[in-house]
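If you read the sequence shown in my numbering, its first letter stands for residue 739, the second for the next number, and so on.
Notes for the one structure printed next.
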Amino acid sequence: MGEVRQLRGIERLLQQQQEYSQKPKETQNTVVPFLQRAKSWKAFTAEAKPIKWIWRYVLAKKHVSILAGDPGTGKTTLLRRWFWEVYTQEAAEFLGLATERPRKLLVITEESPDIWKENLNADLSAFEIFFLSTDEIGSLDDWLTFCKELEGFDGDLLIIDSFNAIFCGDSINDATEVNKVLKPLSVATRKAGFATLVLDHHRKDGDIDYGKGVAGSYAKVGSADFVLTLSRANPKDKAGRGRILTVAKTRISVPTDLVEGLHIELTDDGRYLVRGSKRVVAAERWAEEDETLLRALDEAGRAGDPWVEPEKLRATVGCNKNRFAQHVKKLKEDGLLVTNGKGSRGIRYALKQFVTQPKTP
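The following block contains the structure:
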């Protein structure tokens, strides 16, 4: 009995193989093994084209960019200023980086029309700019449907402000959830050929080294092509207008200023002043504080009272105790500043030239 069943099984298998071989080729299973899909360098690069930048080093077609920052840092403010520059001023640069006006743009926004109109102060009706409220995307299923629709989007740029508004913050911090959200967005971006910019939040721990500060940590950083962070130049000064724009991840070489952090400052008329790299600005600030400290000691010495209290000097310079101590240490090492040799309560500082007796010949 067992042999009969085995023979019948073989007959059925042969029959299925015969039927399959008689089917048209387009109905056969033509899955190509992965290794056979590998291409030579010539074939792989046959359709390669120069990267099409919308905003140099920040936004490129077929690529996903993330701009992350703490709430209130000014991500949307920066975005609106870029809008104003490229659409009303036909700017060829923004923050010193080449830019161009997108032909067609879709903005997914968490802000109301009232806020946009109040803060942008420009008429964009002559341009192909479309807005969709984040409230329209109410679930992950909605998001996946939206991403599928984006595969047919014929625009140049998609802006999402923000993931936090769509997914309520805690929905996309786990690596698995991040991949569910970003993978279909990345696929749509490449298939349709537009650029994508996602505005997102920092992690609560605030660590921004190599994108750790982006909510969702390495999962988001790994899924995006370009990751930038926007932070306050002085974290303790919540009202300060200085900001640091830093490239946390990139797939190409970028200027050193962007890697170190580009120091920008919002002016009274709403423009951004580019002050240079974070390192250069920090060096300039240090030099200014040094100059202020030395000037105060020089004035005291010329007035005949060269020894000055630390607190008075620190108030004049305008820095905290630790930073002031670093200035004093460096100036002492350089041989410019001396102390009176007393304890911490009675210590005073002076320029060496006013308290050191010149050697007699």
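Note that the Cβ used here is the ideal one computed from N, Cα and C, for glycine as well.
Express the C-alpha separation of S1015 and R1061 in angstroms, rounding to a whole number.
-> As a position in the sequence shown, residue 1061 is number 323, starting the count at 1. As a position in the sequence shown, residue 1015 is number 277, starting the count at 1. Answer to the nearest angstrom: the Cα atoms are 20 Å apart.
By how many angstroms is the C-alpha of E838 removed from the C-alpha of R831?
-> If you number the sequence shown from 1, residue 831 lands on position 93. If you number the sequence shown from 1, residue 838 lands on position 100. Reading off the sequence shown, one finds Glu at residue 831, where the question assumed Arg. One C-alpha to the other measures close to 8 Å.
V985: first and last residue of the uninterrupted beta strand (DSSP E) it sits in | The count along the sequence shown starts at 1 and reaches residue 985 at position 247. Here the beta strand (DSSP E) through V985 covers 980-987.
Backbone secondary structure at S803 - three-state DSSP = Position 65 of the sequence shown, counted from the first residue, corresponds to residue 803. It is a strand residue.
Do the stretch 850-866 and the stretch 915-923 meet, that is, are 3 or more Cβ pairs less than 8 Å apart?
-> no
Enclosing alpha helix (DSSP H) for F865 [first to last residue] | The sequence position of residue 865 within the sequence shown is 127, counting from 1. Where F865 is concerned, there is no enclosing alpha helix (DSSP H), given that its DSSP letter is neither H nor E.
Local conformation of W1045 per DSSP, three classes | Against the sequence shown, residue 1045 aligns to sequence position 307. In this structure, W1045 counts as coil in the three-state DSSP scheme.
Bridge partners - K842, DSSP secondary structure assignment = By one-based count along the sequence shown, residue 842 stands at place 104. Answer is E866, bridged to K842.
Below 8 Å CB to CB, which residues in the same chain sit around V985 once its five sequence neighbours on both sides are set aside?
-> Residue 985 sits at position 247 when you count from the first residue of the sequence shown. Y795, F964, V965, L966, V992, L996, V997, listed in sequence order.
Reduced DSSP secondary structure (H/G/I, E/B, other) of E823 = Here residue 823 is taken as the residue at index 85 of the sequence shown, counted from 1. Note: E823 maps to helix in three-state DSSP.
DSSP-derived helix/strand/coil call for E874 = The sequence position of residue 874 within the sequence shown is 136, counting from 1. Here E874 sits in helix by DSSP.
Contact check, V824 vs D899 under 8 Å by CB: the rounded distance?
-> Within the sequence shown, numbered from 1, the residue matching residue 824 stands at position 86. Within the sequence shown, numbered from 1, the residue matching residue 899 stands at position 161. That pair is no contact at about 17 Å.
So, using beta-carbon positions, are L1032 and I1002 closer together than 7 Å?
-> Taking the first residue of the sequence shown as 1, we reach residue 1032 at position 294. Taking the first residue of the sequence shown as 1, we reach residue 1002 at position 264. Cβ atoms of L1032 and I1002: not closer than 7 Å.
Would you list the one or two residues that DSSP bridges to G1014?
-> In the sequence shown, counting from the first residue as 1, residue 1014 sits at position 276. DSSP, once it has assigned bridges, lists H1001 as partnering G1014.
Is DSSP giving A1038 helix, strand or coil here?
-> Your numbering for residue 1038 matches position 300 in the sequence shown. In this structure, A1038 counts as helix in the three-state DSSP scheme.
8 Å contact criterion, which L923 and T914 should meet: CB distance rounded = Reading the sequence shown from its first residue, position 185 is the one you call residue 923. Reading the sequence shown from its first residue, position 176 is the one you call residue 914. Not really, about 15 Å apart at Cβ, beyond 8 Å.
Other residues of its chain near V1046: CB distance less than 8 Å, five sequence neighbours each side excluded = The residue labelled residue 1046 in the question sits at position 308 within the sequence shown. The answer, listed in chain order, is A1034, L1035, A1038, R1086, Y1087, A1088.
For L1031, the three-state DSSP class (helix, strand or coil) = Taking the first residue of the sequence shown as 1, we reach residue 1031 at position 293. In this structure, L1031 counts as helix in the three-state DSSP scheme.
Same chain, Cβ closer than 6 Å to V1019, five either side skipped, listed in chain order = One-based indexing of the sequence shown puts residue 1019 at position 281. H1001, R1013.
Are D938 and A806 touching if we call contact CB-CB under 7 Å?
-> Start at 1 with the first residue of the sequence shown, and residue 938 comes out as number 200. Start at 1 with the first residue of the sequence shown, and residue 806 comes out as number 68. The answer is yes: Cβ separation under 7 Å.
Does DSSP put K1080 in a helix, in a strand, or in coil?
-> Sequence index remark: in the sequence shown, residue 1080 carries index 342 (1-based). DSSP places K1080 in coil when its eight states are reduced to three.
Give me the Cβ distance between F905 and V936, rounded to the nearest whole Å; I'm assuming they're in contact under 8 Å.
-> In the sequence shown, the residue the question calls residue 905 occupies position 167. In the sequence shown, the residue the question calls residue 936 occupies position 198. Not confirmed; about 11 Å, so no contact.
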